[in-house]
Every structure is written in structure tokens, then in C-alpha cells.
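Asker:
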Amino acid sequence: MKYIQSVKGQIFPLDMALNSVDDQYEKCTKQMANLVENKYLKQEKSNPETGFGNAWKLAEKNHKPPGENLKKNNLIAIYVYTNSKTSDVYKKFNAADRKDKKEYENKTYKWYSLHFLLTEAVQILKKTQNTCYDTYRRTNVKFDKNVLNKEVSFGSFTSSSKNSKSTSDYGSKSCFEIHICQCANITKYSMISEEEEVLIPPYEMFKVTAIKRKTDEPKLWCETFYVLKSIGTKSDLNCALVKKPTNTIRLKFK
Numbered sequence: 040m041k042y043i044q045s046v047k048g049q050i051f052p053l054d055m056a057l058n059s060v061d062d063q064y065e066k067c068t069k070q071m072a073n074l075v076e077n078k079y080l081k082q083e084k085s086n087p088e089t090g091f092g093n094a095w096k097l098a099e100k101n102h103k104p105p106g107e108n109l110k111k112n113n114l115i116a117i118y119v120y121t122n123s124k125t126s127d128v129y130k131k132f133n134a135a136d137r138k139d140k141k142e143y144e145n146k147t148y149k150w151y152s153l154h155f156l157l158t159e160a161v162q163i164l165k166k167t168q169n170t171c172y173d174t175y176r177r178t179n180v181k182f183d184k185n186v187l188n189k190e191v192s193f194g195s196f197t198s199s200s201k202n203s204k205s206t207s208d209y210g211s212k213s214c215f216e217i218h219i220c221q222c223a224n225i226t227k228y229s230m231i232s233e234e235e236e237v238l239i240p241p242y243e244m245f246k247v248t249a250i251k252r253k254t255d256e257p258k259l260w261c262e263t264f265y266v267l268k269s270i271g272t273k274s275d276l277n278c279a280l281v282k283k284p285t286n287t288i289r290l291k292f293k
């Protein structure tokens with residue numbers, strides 16, 4: 040699972056991640072697929088700074104068998120993202136996604152291919168799976184606690200697990216119980232299938248419905264336990280590369 044790295048004592052915001060890369064590609068999937076295939080994928084694989092090219096080569100040889108209408112490049116992208124054993128691409132990618140909104144708009148973002156192919160994979164799987172999940176996430180990062188009843192977003196692709204026990208090695212500072220609906224179960228396609236991974240896209244919004252503390256409930260797994268419920272989607276960068284001006288799209292569930 041992929042988590043934020045922090046300096047000791049640092050407290051991260053839990054908010055709508057307004058500087059994140061959240062393109063949902065609503066009504067521009069074909070145009071973006073064409074850009075990735077004919078421009079960005081080749082360009083980004085040759086960038087020595089990111090390690091993406093080597094991670095892609097490894098994934099081409101080792102990705103999981105196809106299923107649920109996923110294309111080969113979707114399978115490779117999932118393998119690249121979930122390979123935390125021999126690659127640090129996921130760290131660089133997640134860090135960029137949380138802050139590179141302007142770079143995305145200015146066409147200096149380094150991860151157009153991986154972002155699009157993961158988004159496309161989530162959306163394809165969402166159509167076939169057509170379900171919400173209750174998942175769990177743990178980390179050693181501390182987050183703002185003054186967020187009860189507020190709307191939040193993780194600001195990047197975010198790993199969670201259907202199995203609360205499989206997250207036990209990832210930290211004890213902050214725990215999340217998440218009811219998600221715009222996600223995809225990638226267990227069959229992840230490099231680490233035993234984690235029962237469900238991938239949350241950066242455009243999914245949540246409401247913080249409860250915050251529990253270990254000081255009040257000693258049996259909690261973490262110092263702070265957040266309960267999140269999916270309330271819709273928000274994409275400030277929707278189709279930003281192919282349509283001008285870019286309009287935020289927002290869909291809120293009842």
C-alpha cells in the first residue's frame with residue numbers, strides 16, 4: 040500500500056486537496072488515450088529522473104493476466120503502481136499527484152501516462168464490479184483532527200484494503216475506515232495480491248462522519264481513527280489537456 044512519507048511530528052491536512060491532479064477524463068477518454076499512445080507514454084518512459092521506463096519494462100514482463108475488459112497497458116500500469124518491492128515510482132507519482140495541478144495544466148507534469156492508464160483502469164473495473172466497498176487504511180502519518188463532518192479528498196490514487204488485518208504493518212498513527220464507491224478492486228492485478236487492494240481515484244470525495252481516539256477507546260488500532268463515507272466526485276482538471284477552458288465537474292450523491 041502507498042502512503043505519505045512525513046517528517047517526525049509533521050501533521051498533514053485532511054482537506055479537498057485543491058492542488059492535486061484530479062483529471063477524471065469525463066467525455067475525453069478517447070482523445071487522452073490517443074495522446075498517451077502517440078506522445079506521452081514514449082516520452083515519459085525515456086525520462087531518467089522518474090524511473091518510470093525501467094518500472095514499465097519490468098511490468099511488461101510480469102503483469103497479471105487480463106480480465107474484466109482491462110487493456111494490456113492498464114495491466115502494466117497497475118503493476119507499475121503496486122510494485123513497492125523493487126521500485127519507488129509509486130512514491131514519486133503520489134507526491135506529484137498531491138501538488139502538481141499547475142504543472143499538469145502547463146504540460147510539464149511527468150506522469151500523464153500513468154495517471155490516465157490508472158484512471159481508465161479504475162473506471163473500466165468500476166463498470167464491471169459496480170459495487171461500493173468498506174475498506175481500511177493505516178499509516179504512521181498524523182492528520183488534522185479538526186475535520187469532523189468536513190468534505191475531504193486524498194488528493195492522489197490511494198490504496199486501501201478489504202481486509203483490516205492486511206494493513207497492520209503500515210502504521211499506528213492514523214487509521215481510516217472508508218466507504219468507497221468510485222473505486223476498483225485490483226486484487227487480481229496487483230503485484231501484491233494478498234493485500235486485497237481497492238484503489239481509490241483522486242477525484243472521489245468523502246465526508247468525515249466520525250473521528251475516534253485511542254485515548255477514549257483503548258482497543259482502537261491507531262491513535263486516531265477516521266471514518267469516511269463517499270459523497271461523490273470532483274474534478275477541477277477534467278479534460279484539461281484537450282479542452283479549453285477547463286471546467287470543474289462535480290457530482291454529489293444523496
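For the sequence shown, my numbering begins at 40 and goes up steadily by one.
From the three backbone atoms N, C-alpha and C, an ideal C-beta is built for every residue, glycine too.
(1) Among V247, S59, S85, A160, whose alpha-carbon lies nearest the alpha-carbon of C190?
(2) To the nearest angstrom, how far is it from the Cα of Y42 to the Cα of K100?
(3) Among K212, E243, F196, which residue has its Cα nearest to the Cα of R252?
(4) Using the beta-carbon count (16 or more within 10 Å), is N224 buried or exposed?
(5) Going by DSSP, which residues form a beta bridge with F245?
(6) Of the residues I163, K181, H102, L157, which one's Cα is nearest the Cα of Q49?
(7) Helix, strand or coil, according to DSSP, for V281 in the structure here?
(8) In chain order, which alpha helix (DSSP H) runs of at least 4 residues are fully inside the segment 84 to 129?
(9) What's the C-alpha gap between L80 and V60?
(10) Check whether the segment 221 to 240 and the segment 160 to 176 touch, using three or more Cβ-Cβ pairs below 8 Å as the test.
(11) Identify the continuous alpha helix (DSSP H) that holds K141 and give its terminal residues.
(12) CA-CA distance, D275 and F193?
(13) Between which two residues does the alpha helix (DSSP H) holding E159 run?
(14) Going along the chain, which unbroken runs of the beta strand (DSSP E) with 3 or more residues stay wholly within the segment 207 to 243?
(15) Would G106 pass as a contact of K282 if the rule is Cβ separation under 8 Å?
(16) Name the one or two DSSP bridge partners that D173 has.
(17) Evaluate contact between the segment 86 to 96 and the segment 262 to 270, counting only Cβ atoms and requiring at least three cross-stretch pairs below 8 Å.
(18) Between which two residues does the beta strand (DSSP E) containing K291 stretch?
(19) Using a Cβ-Cβ cutoff of less than 6 Å, which residues in the same chain neighbour N187 once the five nearest sequence positions on both sides are dropped?
(20) So what's T147 in DSSP terms, helix, strand or just coil?
(21) Could you tell me the alpha carbon to alpha carbon distance between H218 and Y172, rounded to whole angstroms?
(22) Give a yes or no on whether the C-beta atoms belonging to P119 and W95 are separated by under 8 Å.
(23) Hey, how far is the Cα of C261 from the Cα of L280?
Answerer: Working from what's here:
(1) The sequence given here places Glu at residue 190; Cys does not occur at that position. Considering only alpha carbons, the answer is V247.
(2) The predicted position of Y42 is uncertain, since its pLDDT is 47 and thus under 50; a value taken from the coordinates is nonetheless stated next. In a straight line, the C-alpha of Y42 is about 26 Å away from that of K100.
(3) Nearest option by C-alpha distance: K212.
(4) Under this definition N224 is a buried residue.
(5) Partner residues in the beta bridge of F245, as assigned by DSSP, are V191, S269.
(6) Selected option, being the one with the closest Cα: K181.
(7) Coil, per DSSP.
(8) Runs of the alpha helix (DSSP H) spanning 4 or more residues and lying entirely within the segment 84 to 129 occur at 91 to 101, 111 to 121, in chain order.
(9) Whole-angstrom Cα-Cα distance: 18 Å.
(10) Result yes; three or more Cβ-Cβ pairs closer than 8 Å.
(11) 140 to 144 is the span of the alpha helix (DSSP H), which, as asked, contains K141.
(12) Per the coordinates, the alpha-carbon of D275 lies some 14 Å from the alpha-carbon of F193.
(13) That run of the alpha helix (DSSP H) goes 151 to 168.
(14) Counting only runs of 3 or more, we get 213 to 219, 236 to 239.
(15) Taking 8 Å as the Cβ cut-off, G106 and K282 do not qualify as a contacting pair.
(16) Residue pairing by DSSP places D173 opposite H218 in a beta bridge.
(17) Contact between the segment 86 to 96 and the segment 262 to 270 is absent, because fewer than three Cβ pairs lie under 8 Å.
(18) Secondary structure note for K291: its beta strand (DSSP E) is the uninterrupted segment 288 to 291.
(19) Inspection of the sequence shows that residue 187 is occupied by Leu rather than by Asn. The residues are V247, I250.
(20) Residue state for T147 is assigned as coil, using DSSP reduced to three classes.
(21) Taking the Cα positions, H218 is about 6 Å away from Y172.
(22) The sequence as given places Val at residue 119; Pro does not occur at that position. Closer than 8 Å, so yes.
(23) Each residue's alpha carbon lies about 41 Å from the other.
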